[in-house]
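Protein chains in written order, with the working numbering: chain C, 1 to 230; chain L, 1 to 230. The C-beta atom is built at its ideal place from N, Cα and C for all residues, glycine as well. Single-structure report; data block below.
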DNA sequence: ACAAAAGTGTTCGCTTTACACCCATGT
DNA sequence: ACATGGGTGTAAAGCGAACACTTTTGT
């Protein structure tokens, strides 16, 4: 333990948002250094007395001004010793989800610019960040099947079709509307409100709300969320 | 990036083995330092130019003399800033599986002793290592349902009942022998050899072998391994 | 002959899937 | 009245779950 080590520790975040049938990732443009003007994932070095998850939140707040609704550790990238030109840096990557409604991006410290990129049109990123994004996407695609994290991409109140379209978009598959609604409602973790959705054309729909405490209670009794596709 | 950071990077491994209906974890007893004589997971500091997974393999080889059949990254522990008394150390934990047949434990560098502990009787470990073990166990329990990693705990040739008992042991549930066999064989990823198993009493059984290349080929065509219980 | 483990099919119920028409609203 | 998206039920197929007797070997 007395060995002198010269490895730096960073965190990076793959933050997803969803809007109008489009899934996006948050990227920032570097302001300084060797990677100036390169797009990268928000992130940076961990402070000496800072828990990893606090480092992620701090970097997100500093570089983009946003705070997320859901966050989990994704993977630690440290097998490519030369992944950062400036020296050995390992990065602990996190995946996060956010409802972008009412959020405003604000590039500041370290970042010249911050912006959402649709997952279909991510530019070439510095480091191994393209790989991290695709690992994050994979995690998200898998996890929406067996954990109710999709709701963290939606506003608190949402029409049922929003959930359906979210699943269609993220999974890339078609869903049978009737079967999907039947399945999700059978879980009894959504509250139907008496408000209705008014936007665009067509018949207005009721707004629903994810009841997290009900979900938690059900889980305690052995319930397991699972959605397969029609 | 010019910030001076004082965080050390370690790796730790939760290595599982299976023998006679018992699942065990590999532990080592510390030889030096503040944690002398404490049982811990095999692991240690990463070298400056060493990929993380190489560090795990090196530490395992140095401290216990074993090499593993399967290894995957588990989780990075870095939210508890004081998890190591000697200073800030984050640890990237790996889960590994090994067939203990013909393996010999050899404690050496840094370790006074190395030994298998049944998962039901793990002592109090230093650091947060009890937590890491239980996270590893959880990962293993979940993963055998949807990835064919159980075979890495068995010898190359095994009687069908060994697989069945492995699943019973790890999941802690009872399995219907007929349904289990039907399901597994339906995947067509096992080769039936003409050798037979001779040990103990009862009718001898045929030995089977996991056909990894066949499995890989099937996966490429959309096959998904999945085992639920009767 | 007995004990011990291997080997083997069928039935039932539930879940998944496939599928099409009417309703409420805005223009 | 037409366009747009919301809301709803039923039948067929496939999969998971429950269940018991015969076979082979050693003692």
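For residue 42 (chain L) versus residue 60 (chain L), is the C-beta distance shorter than 8 Å? Translated into the one-based positions of the second chain, residue 42 (chain L) becomes position 42. Translated into the one-based positions of the second chain, residue 60 (chain L) becomes position 60. Yes; because the gap between Cβ atoms is below 8 Å, this pair is in contact.
Indicate whether at least one CB of chain C lies closer than 8 Å to the CB of residue 78 (chain L). Taking the first residue of the second chain as 1, we reach residue 78 (chain L) at position 78. Chain C contact via Cβ: present.
Roughly how many angstroms separate the alpha carbons of residue 120 (chain C) and residue 227 (chain C), rounded to a whole number? The residue you call residue 120 (chain C) lines up with position 120 of the first chain. The residue you call residue 227 (chain C) lines up with position 227 of the first chain. Between the alpha carbons of residue 120 (chain C) and residue 227 (chain C) lies a distance of about 24 Å.
Which residues, in chain order, does the stretch 70-97 of chain C contribute to contact with chain L at a C-beta distance below 7 Å? Residues of the stretch 70-97 of chain C that bring their beta carbon within less than 7 Å of a beta carbon in chain L comprise 73, 75, 76, 78, 79, 81, 86, 88, 90 and 92, in sequence order.
For residue 123 (chain L) and residue 19 (chain L), which I take to be in contact (beta-carbon distance under 8 Å), what is that distance rounded to the nearest angstrom? In the second chain, residue 123 (chain L) corresponds to position 123, counting from 1. In the second chain, residue 19 (chain L) corresponds to position 19, counting from 1. About 20 Å separates the beta carbons of residue 123 (chain L) and residue 19 (chain L), which is beyond the 8 Å limit, so they are not a contact pair.
Where DSSP assigns a beta bridge to residue 209 (chain L), which residues make up the other side? Here the question's residue 209 (chain L) lines up with position 209 in the second chain. Answer by DSSP bridge pairing, in chain order: L:157 and L:191.
Between residue 7 (chain C) and chain L, is there a C-beta pair that is closer than 8 Å? Residue mapping note: residue 7 (chain C) aligns to position 7 of the first chain, counting from 1. The beta carbon of residue 7 (chain C) falls within 8 Å of a beta carbon belonging to chain L, placing the residue at that interface.
Near-chain L residues of the stretch 39-73 of chain C (beta-carbon distance less than 7 Å), N- to C-terminal order: Residues of the stretch 39-73 of chain C with a C-beta less than 7 Å from any C-beta of chain L: 45, 46, 48, 49, 51, 52, 53 and 73, listed in chain order.
Figure out for me which residue from C:138, C:82, C:170 and C:220 has the closest Cα to the Cα of residue 151 (chain C). Residue numbering aside, residue 151 (chain C) sits at position 151 when the first chain is read from its first letter. For residue 151 (chain C), the closest alpha carbon among the candidates C:138, C:82, C:170 and C:220 is that of C:170.
Determine the burial state of residue 88 (chain C): buried for a count of at least 16 other Cβ atoms within 10 Å of its Cβ, exposed for fewer. Position 88 of the first chain, counted from the start, is the residue given in the question as residue 88 (chain C). Counting every other CB atom within 10 Å of its CB across the protein chains shown gives residue 88 (chain C) a total of 16 or more, marking it as buried.
Out of L:126, L:52 and L:74, state which residue places its alpha-carbon closest to the alpha-carbon of residue 33 (chain L). Along the second chain, read from residue 1 onward, the residue named residue 33 (chain L) stands at position 33. Considering only alpha carbons, the answer is L:126.
Restricting to Cα atoms, I'd like to know which of C:107, C:37, C:50 and C:4 is closest to residue 10 (chain C). Mapped onto the first chain, residue 10 (chain C) falls at position 10. Comparing Cα positions, the closest option is C:50.
Relative to the C-alpha of residue 53 (chain L), which candidate in L:79, L:65, L:62 and L:73 has its C-alpha closest? The residue given as residue 53 (chain L) occupies position 53 in the second chain. Measuring from the Cα of residue 53 (chain L), the nearest candidate turns out to be L:73.
Going by beta-carbon coordinates alone, are residue 208 (chain L) and residue 158 (chain L) separated by less than 8 Å? If you number the second chain from 1, residue 208 (chain L) lands on position 208. If you number the second chain from 1, residue 158 (chain L) lands on position 158. Going by beta carbons, residue 208 (chain L) and residue 158 (chain L) fall inside the 8 Å limit.
Provide the residue(s) that pair with residue 73 (chain L) in DSSP beta bridges, ordered along the chain. Your numbering for residue 73 (chain L) matches position 73 in the second chain. In DSSP, residue 73 (chain L) forms a bridge with L:94.
Roughly how many whole angstroms lie between the Cα atoms of residue 78 (chain C) and residue 91 (chain C)? For the purposes of this step, residue 78 (chain C) is taken as the residue at position 78 of the first chain. For the purposes of this step, residue 91 (chain C) is taken as the residue at position 91 of the first chain. Rounded to the nearest angstrom, the two C-alpha atoms are 7 Å apart.
Going straight from the alpha carbon of residue 194 (chain C) to that of residue 203 (chain C), what length do you get? Here residue 194 (chain C) refers to the residue found at position 194 of the first chain. Here residue 203 (chain C) refers to the residue found at position 203 of the first chain. Each residue's CA atom was taken as its position, placing residue 194 (chain C) and residue 203 (chain C) some 15 Å apart.
Are the Cβ atoms of residue 46 (chain C) and residue 113 (chain C) separated by less than 8 Å? Translated into positions along the first chain, residue 46 (chain C) becomes position 46. Translated into positions along the first chain, residue 113 (chain C) becomes position 113. Between residue 46 (chain C) and residue 113 (chain C), the gap from beta carbon to beta carbon reaches 8 Å or more.
First and last residue of the alpha helix (DSSP H) that includes residue 60 (chain C)? Working through the first chain from its first residue, we reach residue 60 (chain C) at position 60. Run containing residue 60 (chain C): 52-64, per the alpha helix (DSSP H) assignment.
What's the call for residue 44 (chain L), buried or exposed, on a 16-neighbour Cβ count within 10 Å? Here the question's residue 44 (chain L) lines up with position 44 in the second chain. Residue 44 (chain L) should be labelled buried.
Residue 136 (chain C): first and last residue of the uninterrupted alpha helix (DSSP H) it sits in: Taking the first residue of the first chain as 1, we reach residue 136 (chain C) at position 136. From DSSP, the alpha helix (DSSP H) with residue 136 (chain C) extends over 129-146.
Between C:177, C:148, C:196 and C:179, which lies nearest to residue 190 (chain C) when the distance is taken from Cα to Cα? Within the first chain, residue 190 (chain C) is the residue found at index 190, counting from 1. Answer by Cα proximity: C:148.
What span of residues does the beta strand (DSSP E) with residue 29 (chain L) cover, start to end? Position 29 of the second chain, counted from the first residue, corresponds to residue 29 (chain L). That run of the beta strand (DSSP E) goes 22-30.
Please determine, among C:217, C:13 and C:8, the residue with the shortest C-alpha to C-alpha distance to residue 135 (chain C). Stepping through the first chain from its first residue, residue 135 (chain C) is reached at position 135. Of the candidates C:217, C:13 and C:8, the one whose C-alpha sits nearest the C-alpha of residue 135 (chain C) is C:13.
Taking the Cβ atom as the reference point for each residue, do residue 133 (chain L) and residue 56 (chain L) lie within a distance shorter than 8 Å? By 1-based counting over the second chain, the position of residue 133 (chain L) is 133. By 1-based counting over the second chain, the position of residue 56 (chain L) is 56. Inclusion of residue 133 (chain L) and residue 56 (chain L) in the CB contact set at 8 Å is not warranted, their separation being larger than that value.
In the DSSP output, which residue or residues are listed as bridge partners for residue 44 (chain L)? Here residue 44 (chain L) refers to the residue found at position 44 when the second chain is read from its first residue. L:11, per the DSSP bridge assignment.
Status (buried if at least 16 other CB within 10 Å, exposed otherwise) for residue 129 (chain C): The residue given as residue 129 (chain C) occupies position 129 in the first chain. With 16 or more Cβ atoms within 10 Å of its Cβ, residue 129 (chain C) is classed as buried.
Starting from residue 112 (chain L), follow the beta strand (DSSP E) in both directions and report where the run begins and ends. The sequence position of residue 112 (chain L) within the second chain is 112, counting from 1. 111-118 is the extent of the beta strand (DSSP E) around residue 112 (chain L).
Whole-angstrom distance between residue 173 (chain L) and residue 175 (chain C), CA atom to CA atom: Locating residue 175 (chain C) in the first chain gives position 175, counting from the first residue. Locating residue 173 (chain L) in the second chain gives position 173, counting from the first residue. So the two alpha carbons sit approximately 34 Å from each other.
According to DSSP, is residue 235 (chain C) part of a helix, a strand, or is it coil? An answer regarding residue 235 (chain C) cannot be provided, because it is not within the stretch 1 to 230 covered by chain C.
Between the beta-carbon of residue 162 (chain L) and the beta-carbon of residue 31 (chain L), is there less than 8 Å? To locate residue 162 (chain L), count along the second chain from 1; it is residue 162. To locate residue 31 (chain L), count along the second chain from 1; it is residue 31. Cβ distance not < 8 Å, so residue 162 (chain L) and residue 31 (chain L) don't count as in contact.
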